[in-house]
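Peer 1:
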Amino acid sequence: MAAAAPRCVPGRCGVPLLVLLVGAAAGRAGAVMGGMLYPRESPSRELKELGGIWSFRADFSPGRDAGFAQRWYRQPLRQTGPVIDMPVPASFNDITQDPHLENYIGWVWYEKEVLLPQRWLQDDFRVVLRFGSAHYYSIVWVNGVQVVEHEGGHLPFEADISRIVQHSPGVPCRITVALNNTLTPHTLPPGSIQYMNDKTRYPKNYFVQNIRFDFFNYAGIHRPVVLYTTPSVYIDDITVTTTSSESVALVQYQISVVGSELYSLSLSLRDQEGKVVATGDGPTGELKVPNPNLWWPYLMHENPGYRYFLEVRMQAQANGVLQEDVYTLPVGIRTVHVTSTQFLINGKPFYFHGVNKHEDADIRGKGLDWALIVKDFNLLRWLGANSFRTSHYPYAEEIMDLCDAYGIVVIDECPGVGIKMPESFGNKSLQHHLVVMEELIRRDKNRPSVVMWSVANEPAAELPPAAYYFKTLVAHTKALDPSRPVTFVTDTNYAVDHGAPYVDVICVNSYFSWYHDPGHLEVIPLQLTAQFENWYKTYQKPIIQSEYGADSVPGLHSDPPVMFSEEYQKAMLKEYHSVFDKKKKEYVIGELIWNFADFMTNQGVTRVLGNKKGIFTRQRQPKSAAFVLRERYWKIANESSCLPPIIKSHILFL
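Residue numbers (mature numbering (1 follows the signal peptide of the UniProt record, and there is no 0)): -29 to -1, 1 to 625.
1) Alpha carbon to alpha carbon, how far is Pro88 from Met7?
2) Hey, Pro593 and Val550: beta-carbon distance below 8 Å or not?
3) In chain order, what residues of the same chain lie with their CB nearer than 8 Å to the CB of Arg16, ignoring the 5 residues before and after it?
4) Decide if Leu(-9) is buried, meaning its Cβ has at least 16 other Cβ atoms within 10 Å, or exposed.
5) Can you give me the Cβ contacts of Ile135 inside the same chain, cut-off strictly under 6 Å, excluding the 5 residues immediately before and after it?
6) Quick one: any contact between the region 50 to 70 and the region 327 to 340, if contact means 3 or more CB pairs under 8 Å?
7) For the alpha helix (DSSP H) that contains Asp552, what are its first and last residues?
8) Just to confirm, is the Cβ distance from Ile182 to Gly389 under 8 Å?
9) Verify whether the separation of the beta carbon atoms of Arg145 and Asp333 is less than 8 Å.
10) Can you list, in chain order, the residues of its chain with a C-beta nearer than 7 Å to that of Val474? Leave out the 5 residues immediately preceding and following it.
11) Helix, strand or coil: how does DSSP classify Asp207 here?
12) Report the partner residues of Tyr298 according to the DSSP bridge assignment.
13) Mark Ala608 as exposed unless 16 or more other C-beta atoms lie within 10 angstroms of its C-beta, in which case mark it buried.
14) Would you mind stating whether Cys374 and Ser420 have Cβ atoms separated by less than 8 Å?
15) Below 7 Å CB to CB, which residues in the same chain sit around Val524 once its five sequence neighbours on both sides are set aside?
16) Tell me the rounded alpha-carbon separation between Glu410 and Phe321.
17) Nearest to His125 by CA position, among Phe184, Pro160, Thr153 and Val111, is which residue?
18) Would you mind giving the Cβ-Cβ distance between Thr361 and Ile304, rounded to the nearest angstrom? I have them listed as a contact below 8 Å.
19) Pop quiz: Asp331 and Phe186 are said to be a contact at Cβ under 8 Å. What is the actual Cβ separation, rounded to whole angstroms?
20) Once DSSP output is grouped into helix, strand and coil, what is the label at Val(-8)?
21) May I ask you to report which of helix, strand or coil DSSP gives Trp266?
22) Classify Thr310: buried if its beta carbon has 16 or more other beta carbons within 10 angstroms, exposed otherwise.
23) Give every residue of the same chain whose Cβ lies closer than 8 Å to the Cβ of Lys391, excluding the five residues on either side of it in the sequence, and list them in chain order.
24) Sort out for me which residues DSSP pairs Thr201 with in a bridge.
25) Among Glu84, Gln68, Trp78 and Glu394, which has the Cα closest to the Cα of residue 650?
26) Measure the CB-CB distance between Ser108 and Asn74 and report whether it falls below 8 Å.
27) Alpha carbon to alpha carbon, how far is Ile564 from Ala521?
28) Among Gly470, Ala466 and Gly490, whose alpha-carbon lies nearest the alpha-carbon of Ala501?
29) Would you mind stating whether Ile560 and Tyr510 have Cβ atoms separated by less than 8 Å?
30) Find out if the Cβ-Cβ distance for the pair Glu257, Val222 is shorter than 8 Å.
31) Can you give me the C-alpha to C-alpha distance between Met543 and Asp569, rounded to a whole angstrom?
32) What do you get for Val533, buried or exposed, if any count of 16 or more other CB atoms within 10 angstroms of its CB means buried?
33) Closer than 8 Å, CB to CB, is Val197 near chain B or not?
34) Can you grab the Cα-Cα spacing for the pair Ala249 / Arg278, in whole Å?
35) For Gly1, which residues in the same chain have their Cβ closer than 7 Å to its Cβ, ignoring the five residues on either side in sequence?
36) Kindly identify the DSSP beta-bridge partner or partners of Arg122.
Structure follows, in structure tokens:
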């Protein structure tokens, strides 16, 4: 990158941008306030999607600060200089033929103009601008007025823009976004900027963005941008937890209303046929559901993913006018419990046979793509997978909705990947990490598919500061949500892992005969067995093999198997599976293959157009290993004592 790294936002001259990002995180440690309900249309709420073509400009100035110095947000972006069309949602990296944009680090600018319906401009309407996610640091203006600032990708943020748009009737609403993808030791995920000062080898001011994770650092507005309305008095948040017995379920609820203290609330819980099965009123309480249909995972029940629908209706007087707000929340009734050897869903043992994934595809990068999402779920169900981990960041809400609907169990992971540097375990990093967990739980707390939180992936847990870091982080997560177990995913030796004492489930990544003893499949049984026995003897907690796998180049064959051939990938899986079959009778409660599909990474001598550990190609075509895994997963499902006859007959057909 032959330009100066982004350093300074005008108005704060002399303060490096990297410090500003850290300061922003530390200064907003308690900033998660209010709800973050997914935008849904209702009799009282309207929605306008802003996806499509936006104007786009990368700031290639030496300090990456021309946009702020010249105040690009004060005027249409096209008047500041050359702009190009950019699709939203999408990563910007692979859209053009410009290699400088593919690897760009710094501020980029987006802009969209939109006309609002006249009725939205009335005083009793509230207009909200919401971003599903933007990577990684965002500043948003509407008609030149700053409305929100947010640090971190993968999670939503929003701003009430009512006063701005209502004071400018008939004028297009101009939305400007400045987005920075710089990673520092205190962002999540962390990174660092390295200046190459040897002028005999590098151009002036040359720098690179260093990262400690193995996927491409895509950036852009990755998820839907919407405008939605509510009344001026509105339902701000809903929290639901559930318990059940054989004959009755209890749905505990807590509702917050903003805009008035004088309001009434009525609730109706409907089943999938629209029949009201329970009613309630008031901001807190519980609903009794007789003979409930429980939310079951895929392949544990003939009707997986059963959801009720909780309609919340609010009425309030505001300025002499009766206002009403209606919001409907999908609700799944299920329980989760962890013992020393089992993971129980609705009181029955659950074995994770699933995958790790990435939000990654050709051209759009991490941008949300409905066709790809539906294809992936079809492949998951074809495979017989009942679960996945959101490696290594929260996935789009639209993906999570389908997990709820299809009964796909989720280990919901925050962007805590690549936490390797000692400075990333300090208080500044920890404060930001706590905020990220607050944002994640606020977003996904009501999802029945989410059965466990993961607070990190492969951190340097052997470092002494990791003990306090993870003790605090796990305790904070449990305080936010006592209803779910908490884990993090480790590749640290069991004897020196300072975070493992605080988790409920041990999640272990290992790549025997790949990164360790490469090419030697014969070592897997001994090493994998020792791994499990050492972890369980030390902690007496159930264990998930959260990653294992091997790269394979599609169409590359070798017999006997050699590394990177499809045969080697198959052989490695079978060696792991033989150990899993023994240990799942004891305390191993799951296996998640790395990876569902090939994905892009930074360039390097070990990566040929990305990571090839997928059992599907990046274009979602199966490799030989996909059929090995499919046969195994359906066999495991067939052996389940609670599998209904209808599914067993389906397996026989397969």
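All C-beta atoms, glycine included, are put in the ideal place defined by N, C-alpha and C.
Peer 2: In terms of the structure at hand:
1) 24 Å
2) no
3) Pro10, Tyr199, Thr200, Thr201, Asp296, Val297 and Tyr298
4) With a pLDDT of 38 at Leu(-9), under the threshold of 50, the modelled position of that residue is not reliable, and the figure given next carries that caveat. With 16 or more other Cβ atoms within 10 Å, it is buried.
5) Val113, Asn114 and Val116
6) yes
7) Glu537 to Lys554
8) yes
9) no
10) Val445, Val457, Thr458 and Phe459
11) strand
12) Val283
13) buried
14) yes
15) Phe535 and Lys583
16) 28 Å
17) Pro160
18) Not confirmed; about 23 Å, so no contact.
19) 7 Å
20) Summary for Val(-8): the model assigns pLDDT 33, below 50, so the residue's position carries little reliability, and this model does not support an answer.
21) coil
22) exposed
23) Pro161, Arg183, Pro430 and Ala431
24) Arg97
25) No answer is possible for residue 650: it lies beyond the span of the chain, which begins at -29 and ends at 625.
26) Before going further, note that residue 108 is Tyr rather than Ser in the sequence given. The answer is no: Cβ separation not under 8 Å.
27) 10 Å
28) Ala466
29) no
30) yes
31) 17 Å
32) exposed
33) Protein chains in the displayed structure number just one, and chain B is not present.
34) 14 Å
35) Only weak support exists for where Gly1 lies, its pLDDT of 44 falling under 50; the coordinates are left without a value.
36) Checking the sequence, you will find Glu at residue 122 rather than Arg. Answer is Tyr108, bridged to Glu122.
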